Amino acid sequence: MPAWATGAGGEKFTDITYQVGDGMAKIAINRPEVRNAFRPQTIIELQEAFSLARDNSDVGVIIFTGTGDEAFCSGGDISVRGDDGYLGEDPLAQKGIGRLNVLDLQIQIRRTPKPVVAMVAGWAIGGGHVLHVVCDLTIAADNAKFGQTGPMVGSFDGGYGSGLLAASVGQKKAREIWFMTRQYDAHEALAMGLVNTVVPLKELEAETVSWCREMLRNSPLALRLLKSSMNAADDGLAGIQQLAGDATLLFYLSEEGQEGRDAYKEKRAPDFGKFPKRP
């Protein structure tokens, strides 16, 4: 197992923990007293932690989990849900204006150019279920429970929570999950393609780390391009933009791309004739 240590910038977090070790980052919602339900502050800290992991050149894979064995995440903390969203402790909340900033986190996880692995023990329910759906891989403990609760509590997710779920398990099954608000155990989730593997709870972190080590042996740029390529089909122009941005990065790294930059800086005409016209 990695010798996990608090990552730089993670010391100030109250709702989450941020650790790094052996080329991995581990981000955990740290509110076990409410089954790791999130409030606005939780999401703000998660966004910062994912940014820290993205910008850390020693980190190649990110593990996303919840503290304890009872829950990965049980969704939004209903006790702080106002009329138009969730209320935090910030000046906006003091005006009675709520937030749905978990949507920003979903997009951030989706666009993080490193693989994100959900490590799920216990409940992955409601908004917490959507968070594991937007991750690239899900390793589930044998005590994991999955499901959507929105229609029972006056809520729904018409974005990734429904569309990406349908892309993962099929339209009929996704509609069952949302319309019926049933709960599914880890082996049912595996059978429908909702998770990648199921392991005994005591082996969950070791198995997740093993999967991460396998990915770390591979080309980080290839993994980045594969992620954006697979996202592009379901993310529309935003997905194509991400893929195009990665293609731009590759071009910038080439001698041909650098010739254009260097010629501009040297105030001369670029010599693109020395580069092959590839078929």
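In our numbering, the protein residues as written are 5 to 283.
We put the CB at the ideal spot given by N, CA and C, even for glycine.
In this text the structure is predicted, and so the values were computed from the model without any measurement.
Item: Endpoints, alpha helix (DSSP H) assigned at W182; Value: 175 to 184
Item: Contact set for T21: own chain, Cβ-Cβ below 6 angstroms, skip 5 residues either direction; Value: A32, N34
Item: Under 9 angstroms between C-beta atoms of F42 and D94; Value: no
Item: M123 classed as buried or exposed, judged by whether at least 16 other C-beta atoms fall within 10 angstroms; Value: buried
Item: Residue of V84, P117, P36 minimising C-alpha distance to C77; Value: P36
Item: Beta-carbon gap between R115 and Q246 smaller than 9 angstroms; Value: yes
Item: 8 angstroms CB neighbourhood of A236 in its chain, flanking five on each side removed; Value: G243, I244, Q246, L247
Item: Endpoints, alpha helix (DSSP H) assigned at C216; Value: 208 to 220
Item: Best match in A53, G25, M5 for proximity to W15 [C-alpha to C-alpha]; Value: For the record, residue 15 in the displayed sequence is Glu; it is not Trp. Nearest C-alpha to E15: A53.
Item: Assigned secondary structure, F76 (DSSP; H/G/I helix, E/B strand, else coil); Value: strand
Item: Integer Cβ distance of D140 from Q51, believed to fall under 8 angstroms; Value: Going by Cβ atoms, the distance from D140 to Q51 rounds to 18 angstroms, so no, they are not a contact pair.
Item: For L225 and T252, the rounded distance between their alpha carbons; Value: 12 angstroms
Item: DSSP-derived helix/strand/coil call for A7; Value: coil
Item: V137 - containing alpha helix (DSSP H), residue span; Value: 131 to 138
Item: Closest residue to Y188 among H133, P155, S166, P204 (Cα-Cα distance); Value: H133
Item: Same chain, Cβ closer than 8 angstroms to I267, neighbours up to 5 away in sequence not counted; Value: Strictly speaking, residue 267 in this sequence is Ala, with Ile absent from that position. Excluding residues within five positions, the ones whose Cβ falls inside 8 angstroms are A273, P274, D275.
Item: Secondary structure of D189, DSSP reduced to three states; Value: strand
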